[in-house]
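Scroll down for the structure; my scribbles are underneath it.
Numbering (this note's numbering), first residue to last: 3 to 289.
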């Protein structure tokens, strides 16, 4: 297969909103839908790695079981550790003991996996290839470390935070990496546009005053995100992208505890994926 024909999968983040993506990915696993490469941002990367390892149901399984556990994702965790998402619990206890991550299957998979992080010193996105996660788990954690509510990760001398700050939906970046045709899973319904959040920008200037480039990234977030939506639309028109997005607006908090709401969003992802299958298969076999 030539580099120009490689098929990619792009996964947007969104904290618990991305449990929608977990539903889509489980349908892909059930139907044997494969890609040459996957790039995920924040929670998109979290769920994406379980897709690459072939662990259908893993994401929704641990989310439903531990959504109310204060070690998982809670303001208690933030107040006591500085991380909204508990580092020890989510990146050690869960993948190593409670819901084991299949490292062997991940490493044997022919699918190349990338995570998107934000470099605080350069204010630019970093697209990190992870051929394994035994030692590269810190990159996954960095990608999903929510600003203001998480400590940054220092990996290989780089200070990294949430990839969504610098590249929320990295379709263009993935295409430049050789994945010319991509399926994009978004976590907002059609018609969504990013808004300005002046208070967030002011907080960023105070919190991250040592990192002026990172502050600039915050200030450009709305503009960049909406430009990415326009880019995706044009890519669809050219037959270079196929988009799966929520069929209706998702009402869910970043720290949602209600299993019924979480399951409903997951099921929406499944239903939307199943509905898209005929056209998706046409897209994947065309060109």
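Built from N, CA and C at the ideal position, the CB exists for glycine as well. All values derive from a computational prediction rather than experimental measurement.
(request) Specify the secondary structure class of residue 128 as computed by DSSP and reduced to three states. (result) strand
(request) Report buried or exposed for residue 82, applying the criterion of at least 16 other Cβ atoms within 10 angstroms of its Cβ. (result) exposed
(message) What does the Cβ neighbour count give for residue 114, buried or exposed, with the cut at 16 atoms within 10 Å?
(response) buried
(request) Figure out for me which residue from 63, 139, 129 and 222 has the closest Cα to the Cα of residue 293. (result) No information on residue 293 is available, as it lies outside the stretch 3 to 289 that the chain covers here.
(request) Verify the CB distance criterion: does residue 93 have a CB-CB separation below 9 Å to chain D? (result) The structure shown contains no chain D; it is built from a single protein chain.
(message) Can you tell me whether residue 256 is buried or exposed? The criterion is at least 16 other CB atoms within 10 Å of its CB, across all chains shown.
(response) exposed
(request) Measure from the alpha carbon of residue 77 to the alpha carbon of each residue in 258, 271 and 265, then state which is nearest. (result) 258
(request) Report yes if the C-beta distance between residue 118 and residue 168 is below 9 Å; otherwise report no. (result) By the CB criterion at 9 Å, residue 118 and residue 168 fall inside the cutoff.
(request) Just grab the DSSP bridge partners of residue 120 for me. (result) DSSP, once it has assigned bridges, lists 127 and 163 as partnering residue 120.
(message) In the DSSP output, what is residue 9 paired with across the bridge?
(response) 183
(message) Quick check on DSSP: helix, strand or coil for residue 196?
(response) coil
(request) Mind checking which residues open and close the alpha helix (DSSP H) that includes residue 42? (result) First-last for residue 42: 39-43, but that is the beta strand (DSSP E), not the alpha helix (DSSP H).
(message) Per DSSP, what are the beta-bridge partners of residue 156 in this structure?
(response) 161
(message) I'd like the ranges of any alpha helix (DSSP H) spanning at least 4 consecutive residues and lying wholly in the stretch 60-93.
(response) You should have 60-68 and 77-83.
(request) Could you check the C-alpha separation between residue 275 and residue 197 for me, to the nearest Å? (result) Cα to Cα, residue 275 sits roughly 28 Å from residue 197.
(request) Would you mind reading off the limits of the alpha helix (DSSP H) that contains residue 101? (result) It is not in any alpha helix (DSSP H) - residue 101 carries neither H nor E in the DSSP assignment.
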